[in-house]
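Novice:
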Amino acid sequence: MNKKIAIRQLVEFIFREGDLGGAFSSDSYMTEGARLHRKIQKSSGDTYESEVWLKHTVQCGLLTLTIDGRADGAFCDRDGNWCIDEIKTVAFPIDSIDENFKPVCWAQAYCYAYIFALEKQLPQIQVRLTWCYQETEAIRQFVKSKTFEELDAFFNDMVEKYSRWAIMSQDWEQKRNATIDILKFPFETYRMNQRELAASAYRAVRDGKRLFVNAPTGTGKTISTLFPSLKALGLGHADKIFYLSAKTINREVVAQALELIRTKGTAIRSAVITAKEKVCLNGNVTCNARECRFANGHFTRINNALWDIVTSHDSYTKESIEAYAVKHTVCPFEFSLDITLFCDIIVCDYNYVFDPIVYLKRFFADKAGKYVFLIDEAHNLVDRAREMFSADISTDQLKLLKTRLKKYGRQGMTKVNKCIRFLKEYQDLSGQQNRIIVEPLNKTFTDLLRPFCDYCKELFAVHRELVSDTDLLTAYFNMVTFLKISELYDEHYTSYMSIDNKHVTARMYCLDPSYNLRLVLNRAWSSVLFSATLLPGEYFRTILGGDREDQFVVLQSPFDKANRLVAVVNDISVKFADREFSAQAVADIVLGTVSKRTGNYLAFFPSYAYMKTIYDIVNASGYDLDLQVQASSMSEDERVQFIAAFKPSPLKTTIGFCVMGGMFSEGVDLKDDRCIGVFIIGAGVPQICFERDLIRHYFSNNQMDGYNYAYMFPGMNKVLQAAGRVIRTERDRGVIILIDSRFTSNRYQALFPPEWFPHKRVTALDLTASIQDFWARQL
Numbered sequence: 008m009n010k011k012i013a014i015r016q017l018v019e020f021i022f023r024e025g026d027l028g029g030a031f032s033s034d035s036y037m038t039e040g041a042r043l044h045r046k047i048q049k050s051s052g053d054t055y056e057s058e059v060w061l062k063h064t065v066q067c068g069l070l071t072l073t074i075d076g077r078a079d080g081a082f083c084d085r086d087g088n089w090c091i092d093e094i095k096t097v098a099f100p101i102d103s104i105d106e107n108f109k110p111v112c113w114a115q116a117y118c119y120a121y122i123f124a125l126e127k128q129l130p131q132i133q134v135r136l137t138w139c140y141q142e143t144e145a146i147r148q149f150v151k152s153k154t155f156e157e158l159d160a161f162f163n164d165m166v167e168k169y170s171r172w173a174i175m176s177q178d179w180e181q182k183r184n185a186t187i188d189i190l191k192f193p194f195e196t197y198r199m200n201q202r203e204l205a206a207s208a209y210r211a212v213r214d215g216k217r218l219f220v221n222a223p224t225g226t227g228k229t230i231s232t233l234f235p236s237l238k239a240l241g242l243g244h245a246d247k248i249f250y251l252s253a254k255t256i257n258r259e260v261v262a263q264a265l266e267l268i269r270t271k272g273t274a275i276r277s278a279v280i281t282a283k284e285k286v287c288l289n290g291n292v293t294c295n296a297r298e299c300r301f302a303n304g305h306f307t308r309i310n311n312a313l314w315d316i317v318t319s320h321d322s323y324t325k326e327s328i329e330a331y332a333v334k335h336t337v338c339p340f341e342f343s344l345d346i347t348l349f350c351d352i353i354v355c356d357y358n359y360v361f362d363p364i365v366y367l368k369r370f371f372a373d374k375a376g377k378y379v380f381l382i383d384e385a386h387n388l389v390d391r392a393r394e395m396f397s398a399d400i401s402t403d404q405l406k407l408l409k410t411r412l413k414k415y416g417r418q419g420m421t422k423v424n425k426c427i428r429f430l431k432e433y434q435d436l437s438g439q440q441n442r443i444i445v446e447p448l449n450k451t452f453t454d455l456l457r458p459f460c461d462y463c464k465e466l467f468a469v470h471r472e473l474v475s476d477t478d479l480l481t482a483y484f485n486m487v488t489f490l491k492i493s494e495l496y497d498e499h500y501t502s503y504m505s506i507d508n509k510h511v512t513a514r515m516y517c518l519d520p521s522y523n524l525r526l527v528l529n530r531a532w533s534s535v536l537f538s539a540t541l542l543p544g545e546y547f548r549t550i551l552g553g554d555r556e557d558q559f560v561v562l563q564s565p566f567d568k569a570n571r572l573v574a575v576v577n578d579i580s581v582k583f584a585d586r587e588f589s590a591q592a593v594a595d596i597v598l599g600t601v602s603k604r605t606g607n608y609l610a611f612f613p614s615y616a617y618m619k620t621i622y623d624i625v626n627a628s629g630y631d632l633d634l635q636v637q638a639s640s641m642s643e644d645e646r647v648q649f650i651a652a653f654k655p656s657p658l659k660t661t662i663g664f665c666v667m668g669g670m671f672s673e674g675v676d677l678k679d680d681r682c683i684g685v686f687i688i689g690a691g692v693p694q695i696c697f698e699r700d701l702i703r704h705y706f707s708n709n710q711m712d713g714y715n716y717a718y719m720f721p722g723m724n725k726v727l728q729a730a731g732r733v734i735r736t737e738r739d740r741g742v743i744i745l746i747d748s749r750f751t752s753n754r755y756q757a758l759f760p761p762e763w764f765p766h767k768r769v770t771a772l773d774l775t776a777s778i779q780d781f782w783a784r785q786l
């Protein structure tokens, strides 16, 4: 069996030691510095050969291990002595660097030197480390002379240390593939359309394609994408599967599906990545060896912790990771990221793949493997992508940095004052009035900001006590994000200055995330994007970075249409201007509907204000009802209590008053009779605002329907999600009441999912009879 590993990846795994330093460790200071690398290489003389590709294959038992990488340079002096050069750029002054700084960098250079000397049959070779300070481009070099025997002993010892890991991974892969080969679909039968989904997903993974799927509730999306992806993995069509979801509850469903597959005898390793804030054992998420015992000496202990957990378990959850982190005194979050290197399936939030700041660089920074992205609830990715690809920074944040860092010297104050003055010029232009100025990103500002950002990073590394200042770190990382996003800024963006008499905020806003999403999707061998509400298909395929040749599958609902009543009330308008006049009619519909059958209902409103108006009317009606109301902010316990109010086989009617697009619009699974009716009040159209109008203008200027992209499609998706809270299983029966005359227009009817046809168009007066007839047919 063959295995390939990059030299840098190998030495960083075997030779790591010391403390976890978070964003300000010396490791984080070693930047790619591609421009400086090229400059140093060009200035090194005619005999200097840049980017020397080196590869060597060794045998570890039955495993053939190929180790390769690119040396930054190789040259021969006048006396015929060869030298391998390894260049490292850092963001701090190099005066403090001595010959023994960062042994792992010497190890990397020794590997290059060994393979080079082996190929050229050299008895001796020079090894040089070149350190370059990013800001001033100052250089410091150290040279060591090594015999081939010394390098041979070093290399063989390193390979021996790594071999147990490689052989362990090889043995696991063979066991995994053998058990996947005999794995059958983990249920007795496929649901309606489930086989079609599984077959489409398998073909996409096998052939390295992208697939978009609208799969209604009940299709079994999780198992229907996981199962075929695993089968493809076992046949060598993929290296690793990333299951991405925006919601914790969905990731829990994936974990349950994986446990079901394991009960069939299948060997699969999976890890669920939990956010650092939720898994931190130190309490204050301060990645500082002085304040956290789990960070102190983390790298010295991490490999023993890894070996222990990976050879003992195959499912790595928050609980098991925390237990082993405590046992070995390592950071649980960083531990979880290292565990993923040995996993077949990684379950995580979108940001670990798509966010340009926090994405998993260990997998995607260099050439990616044959990775599969299974993107659940993909309709959520549109707004999440806009958020991840946008950034802002304000005078408030810069002033906070200035105030907190003032005592550390004038150099930083000069830099930050230039940034503040640049932004305040817009305040002067506006005459101290509240104003928004839309203009292209000014490169002058980022050129001023970058030196100050580098200064702050250097300061944090020297004065470790600053890392404990949460507000300071937030402002700093906001600046880092702004500079990173500025590198992505192009025609898919706009930028603007938001000004009032006290503050100026510079914002880069991603209007069209499709280009950046496509770049990320291209890191994967195959991607399957799916949701119960991925309609209209052409909109989602376009905005999510797909191409016209990418297959889009629309599956039919597996549920009997006779179990569902979809009624459109066509004589009530709940547009903003009409809400005061329609409130009583809406309340009458809610009361009339629930009076026909005792049970649990959810009512979704376009705003908190309108929800309260209807609630007050219903509450004063005299009906014996249990009314649950969503608050604008709710703790986890309060959310659980809200859902718990919807009990099975209720003796009293419960109505949940919710805001459309809010926390209860999706991810709430009220099966059986825990929800028998949903009221959708309004078309879900987002409130008109400055940024949504920017989106509208952008798409209109690009020959697309800007209003649809900015308002109508996002609003209708909220409607579909809210309506999906009823009819969760093939046994369920319920009603969906759409209250807004806009739903009768051709534009909205074209957006209805197939399972909503046929539906009833009724007046408010006729609705009660339709509901009564529906429930009579269910007896």
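Every position in the sequence shown, counted from 1, becomes a number in our numbering once 7 is added. Even for Gly, the Cβ is constructed at its ideal location relative to N, Cα and C.
1. Buried or exposed, going by whether 16 or more other CB atoms sit within 10 Å of the CB of P765?
2. Kindly confirm or deny that the stretch 380 to 388 and the stretch 252 to 264 touch, where touching means at least three C-beta pairs closer than 8 angstroms.
3. What are the partner residues of Y503, as DSSP defines its beta bridges?
4. Assuming D75 contacts K62 (C-beta within less than 8 angstroms), just tell me the rounded distance between them.
5. Tell me whether Q563 sits in a helix, a strand or coil according to DSSP, three-state version.
6. Can you have a look at E673 and say buried or exposed, based on whether 16 or more other CB atoms are within 10 angstroms of its CB?
7. Considering N221, what are the terminal residues of the beta strand (DSSP E) in which it resides?
8. Is the stretch 387 to 397 close to the stretch 553 to 565, with three or more CB pairs under 8 angstroms?
9. Flag this pair as yes or no: are the beta carbons of D557 and R217 separated by less than 8 angstroms?
10. According to DSSP, is T64 helix, strand or coil?
11. Helix, strand or coil for Y615, going by three-state DSSP, please let me know.
12. So that I know if they touch, is there some Cβ in chain E lying closer than 8 angstroms to that of C350?
13. What do you reckon, are the CB atoms on H335 and S327 nearer than 8 angstroms?
14. Have a look at G6 and P458 and give me their C-alpha separation to the nearest angstrom.
15. Could you name each continuous beta strand (DSSP E) segment of 3 residues or more that falls completely within the stretch 350 to 388, going from the start of the chain to the end?
16. CA-CA distance, T38 and I268?
17. Could you check if P130 is buried or exposed, using at least 16 other CB atoms within 10 Å of its CB as the buried criterion?
18. Among residues of its own chain, excluding the 5 on either side of Q599, which ones have a beta-carbon nearer than 6 angstroms to its beta-carbon?
19. Closer than 8 angstroms is the cut-off here; do at least three beta carbon pairs connect the stretch 169 to 186 with the stretch 245 to 253?
20. By DSSP's criteria, K151 is part of a beta bridge. Which residues make up the other side?
21. Give the single residue among G87, S502, Y169 and A385 whose Cα lies nearest to the Cα of L528.
22. Please state whether DSSP places W782 in a helix, a strand or coil.
23. Measuring straight from C-alpha to C-alpha, what distance separates K603 and I256?
24. Closer than 7 angstroms by C-beta to L69: which residues in its own chain qualify, once you throw out the five before and the five after it? Chain order, please.
25. Note down, one range per segment and in chain order, each beta strand (DSSP E) of at least 3 residues found wholly within the stretch 709 to 758.
26. Under a Cβ-count criterion, where at least 16 other Cβ atoms within 10 Å of its own Cβ denotes burial, should L524 be classed as buried or exposed?
27. Mind listing, in chain order, the continuous alpha helix (DSSP H) runs of no fewer than 4 residues lying wholly within the stretch 394 to 437?
28. Just list the residues that DSSP pairs L609 with in beta bridges.
29. Between the C-alpha atoms of H499 and R740, what's the straight-line distance to the nearest angstrom?
30. Closer than 6 angstroms by C-beta to S534: which residues in its own chain qualify, once you throw out the five before and the five after it? Chain order, please.
31. Per DSSP, what are the beta-bridge partners of F342 in this structure?
32. Under DSSP, the beta strand (DSSP E) around Y250 begins and ends at which residues?
33. Return the chain-ordered list of same chain residues with a C-beta closer than 6 angstroms to the C-beta of E465, the five sequence neighbours on each side being excluded.
34. At a threshold of 7 angstroms, does R369 count as lining the ligand MN (C-beta to nearest heavy atom)?
35. Only counting the same chain, and skipping five residues up and downstream in sequence, which positions put a Cβ closer than 6 angstroms to that of F306?
36. Note down, one range per segment and in chain order, each alpha helix (DSSP H) of at least 4 residues found wholly within the stretch 224 to 301.
Specialist: Let me lay it out:
1. exposed
2. yes
3. V445 and R514
4. 4 angstroms
5. coil
6. buried
7. R217 to N221
8. no
9. yes
10. strand
11. helix
12. This model lacks chain E altogether, as it is built from one protein chain only.
13. no
14. Because the chain in this structure spans residues 8 to 786, residue 6 falls outside the shown range and cannot be described.
15. 352 to 355 and 378 to 382
16. At T38, the pLDDT of 48 sits below 50, so the modelled position is not reliable; the number obtained from the coordinates is stated separately. Their Cα atoms are separated by approximately 42 angstroms.
17. exposed
18. Note that residue 599 is Gly in the sequence shown, not Gln. Excluding sequence neighbours, G599 sits near T775.
19. no
20. V134
21. A385
22. helix
23. 33 angstroms
24. M8
25. 741 to 746
26. buried
27. 402 to 412 and 417 to 436
28. G663 and V685
29. 45 angstroms
30. R217, F380 and L528
31. Beta-bridge pairing links F342 to no other residue.
32. K247 to L251
33. F99
34. This structure does not include the ligand MN; it has no bound ligands of any sort.
35. R23, E24 and G25
36. 228 to 241, 255 to 269 and 283 to 286
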